[in-house]
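Input: a single structure, listed below in structure tokens.
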Amino acid sequence: MTPAARRPRISIVQAGLHVGETVEIPGWLYNLRRSGKIAFPILRDGTGILQCVAVKSQLPESLFESVKGLTQESSIIVTGRIRQEPRAPGGYELDLENLEIFQRVPEAEPYPITPKEHGIDFLLDHRHLWLRSRRQHAVLKIRHEISRAIRDYLDSHGFTLLDTPVFTPAACEGTTTLFEVNYFDHEKVYLTQSGQLYNEATAMAFGKVYTFGPTFRAERSKTRRHLTEFWMVEPEMAYATLEDVKQVAEELIVFVVGRVLENRRAELAVLERDVSKLENIKAPFPRMSYDQAVELLHQKGSEIQWGADFGGTDETLLGEDFNLPVMVDRFPTAIKAFYMQPDPERPEVALGVDVLAPEGYGEIVGGGQRIHELDLLLRRIDEHGLPREAFDWYIDLRRFGTVPHGGFGMGLERCIAWICGLEHVRETIPFPRMLYRTRP
RNA sequence: UCCUCAGUAGCUCAAUGGUAGAGCAUUCGGCUGUUAACCGAAGGGUUGUAGGUUCGAGUCCUACCUGAGGAGCCA
Numbered sequence: 105m106t107p108a109a110r111r112p113r114i115s116i117v118q119a120g121l122h123v124g125e126t127v128e129i130p131g132w133l134y135n136l137r138r139s140g141k142i143a144f145p146i147l148r149d150g151t152g153i154l155q156c157v158a159v160k161s162q163l164p165e166s167l168f169e170s171v172k173g174l175t176q177e178s179s180i181i182v183t184g185r186i187r188q189e190p191r192a193p194g195g196y197e198l199d200l201e202n203l204e205i206f207q208r209v210p211e212a213e214p215y216p217i218t219p220k221e222h223g224i225d226f227l228l229d230h231r232h233l234w235l236r237s238r239r240q241h242a243v244l245k246i247r248h249e250i251s252r253a254i255r256d257y258l259d260s261h262g263f264t265l266l267d268t269p270v271f272t273p274a275a276c277e278g279t280t281t282l283f284e285v286n287y288f289d290h291e292k293v294y295l296t297q298s299g300q301l302y303n304e305a306t307a308m309a310f311g312k313v314y315t316f317g318p319t320f321r322a323e324r325s326k327t328r329r330h331l332t333e334f335w336m337v338e339p340e341m342a343y344a345t346l347e348d349v350k351q352v353a354e355e356l357i358v359f360v361v362g363r364v365l366e367n368r369r370a371e372l373a374v375l376e377r378d379v380s381k382l383e384n385i386k387a388p389f390p391r392m393s394y395d396q397a398v399e400l401l402h403q404k405g406s407e408i409q410w411g412a413d414f415g416g417t418d419e420t421l422l423g424e425d426f427n428l429p430v431m432v433d434r435f436p437t438a439i440k441a442f443y444m445q446p447d448p449e450r451p452e453v454a455l456g457v458d459v460l461a462p463e464g465y466g467e468i469v470g471g472g473q474r475i476h477e478l479d480l481l482l483r484r485i486d487e488h489g490l491p492r493e494a495f496d497w498y499i500d501l502r503r504f505g506t507v508p509h510g511g512f513g514m515g516l517e518r519c520i521a522w523i524c525g526l527e528h529v530r531e532t533i534p535f536p537r538m539l540y541r542t543r544p
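Here you go:
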């Protein structure tokens, strides 16, 4: 085809804007249905899916034959006229006039993911190809929407994005769940499990800050809620109390759900998500103390003891009566990290809050108010058996203009799994990293 | 780390201890409106690995390997 004859190149999502025009669309063959004299190649281009029609009597013999011989996921550029067509999925159809085959997938080694069912092991082994399927495409479009909504909310509420390091010399919280990096000679270095301690430093410099990036937990967990590498957004605010933290977490969640409902209805439909459950997500969320939560759990038959953390089934039980995320605060100080501010009126509980997602998706947010008094922080570090010298700079923050402050971490993949209504977080990230799976 | 379950054709799965099977995918043929298209035919197997019991093992036993779900722990 000479450059002069070249048609305007569009993407499938724009098809409705070009009805009656002859256009060129680059993409991949999603599927092909054919009979003797008519063929329906279905084109996929990353923005949508479009059915094309090739009629034998209206095309050169060789062109019709090459359409009939197309194989799944061959890369092709189609040219033709766009038409409204109620029989076609999506409502538009392209009358094929020309076909350029960039690469024809050979039938000796056909595309492995067929339109029929596959097991999870096979799909995860072929994750690099699985990403092309409709469901995965929908999930990852929603992931993008959620990430963007999180940034938009924080950016428009005075937060500054300040990235925190992935290599860290000390544990932020626990000490047993760190990935060690064997490279640095002068000291032991690990992959971050939270950017929070650094956020406290940047919050004292910028007021309201956040970090949004990957975190790593070497927990030998093997459940539908766990990844070894996952993304977390962590806002932190100077001059903030537990109540401020709870309010921001609530507003952020409401905003994110609203954005997905506004912009990703089609993707939710592909996932067959019950959107009425999402439309219900409005402030205020139910709030309860840890004490009240334990009492409620006892009523529901749980055998949880005061002082213990919630198990997976406890989290589900707590959420089941409300169709909203539930905020639980004032956990026992003993089970929380050393930096959590004890309640001044009741030091055995800490000013921390967890947000539990509805429908059994578990904890999506954890946070609270941090200790701002130097003496108290030093005492807590000692009580946890931690070396003061590892936290020298962190302790410094309490020496130079310390203020009450707090923040939280929100797990991106758990949010996506909840909003999409997925069984497992492994589908919420392009290339999941799990206990027994690091490829592709 | 512990508990439970699974491994048979490229994929999803059948097969009472007695000749290894189907659907999809692939190839060939048919079909002018298909919607995971349909109809007919063909090719395709070291039943995860190694031992054992048995006249005979995909099936029973032991160990190992690989994976899945869950517990603990966590977002």
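If you read the first sequence in our numbering, its first letter stands for residue 105, the second for the next number, and so on.
Positions of the beta carbon are idealized from the N, C-alpha and C atoms, including for glycine.
Secondary structure at V507, three-state DSSP: helix, strand or coil?
coil
Whose C-beta lies closer than 8 angstroms to the C-beta of P107 among residues of the same chain, with five residues either side of it excluded?
Unreliable positioning characterises P107 in this predicted model, as indicated by a pLDDT of 49, which lies under 50. The coordinate reading is nonetheless provided below. So the list is empty, once near-sequence residues are dropped.
Should the region 371-379 be called in touch with the region 527-535, which here means at least 3 C-beta pairs below 8 angstroms?
no
Contact between the region 512-525 and the region 464-476: three or more CB pairs below 8 angstroms?
yes
Neighbour-count burial assignment, A461, 16 or more Cβ in a 10 Å radius:
buried
Just how far apart, CA to CA, sit T95 and L147?
Outside the displayed span of the chain (105 to 544) sits residue 95, for which this structure offers no information.
G173 versus G194, G152 and E211, residue with shortest Cα-Cα distance:
E211
Enclosing beta strand (DSSP E) for N135 [first to last residue]
T126 to R138
Under a three-way DSSP split, which group does V379 fall into?
helix
Can you name, in chain order, every residue of its own chain whose Cβ lies under 7 angstroms from the Cβ of A119, other than the five neighbours on each side?
L154, I186 and Y196
Taking the alpha carbon of L539 as the reference point, which residue from V361, T506, T437 and R324 has its own alpha carbon closest?
R324
Should F435 and L490 be called a contact, given that it needs their Cβ atoms to be closer than 8 angstroms?
no
For G510 and G472, believed in contact at Cβ under 8 angstroms, the rounded distance:
6 angstroms
May I ask you to list the residues that DSSP assigns as paired with W335?
P318
Based on the DSSP secondary-structure assignment, which residues constitute the bridge partners of T272?
Y294
Give the DSSP-derived three-state secondary structure of T175 in the structure shown.
coil
How about P130 and I181: do their beta carbons lie closer than 8 angstroms?
yes
Can you tell me the Cα-Cα spacing of T272 and T296, whole angstroms?
6 angstroms
How long is the line joining the alpha carbons of V432 and E399, rounded to whole angstroms?
12 angstroms
7 angstroms CB neighbourhood of D458 in its chain, flanking five on each side removed:
V432, E467, V469 and G470
Consult DSSP for V159 and reduce its assignment to one of helix, strand or coil.
strand
At least three beta-carbon pairs within less than 8 angstroms, the region 497-508 to the region 304-323
yes
Segments of 4+ residues assigned as alpha helix (DSSP H) that fall wholly inside the region 455-498:
478-487
Once DSSP output is grouped into helix, strand and coil, what is the label at A143?
strand
May I ask you to verify whether the region 343-350 touches the region 233-250, counting CB pairs closer than 8 angstroms and requiring at least 3?
no
What does a CB cutoff of less than 6 angstroms around H330 pick up in its chain, not counting 5 residues either side in sequence?
none
Kindly indicate the opening and closing residues of the beta strand (DSSP E) around E201.
Y196 to Q207
Out of L228, N202 and R191, which has the shortest C-alpha to C-alpha gap to E531?
L228
Out of N427, E517, F495 and L198, point me to the one whose CA is closest to Q300's CA.
F495
Helix, strand or coil for G362, going by three-state DSSP, please let me know.
helix
Got a sec, what are the start and stop residues for the alpha helix (DSSP H) R238 sits in?
R238 to D259
Under a three-way DSSP split, which group does G184 fall into?
strand
Counting only the same chain and skipping the five closest in sequence on each side, list residues whose C-beta sits under 6 angstroms from that of Y302.
T268
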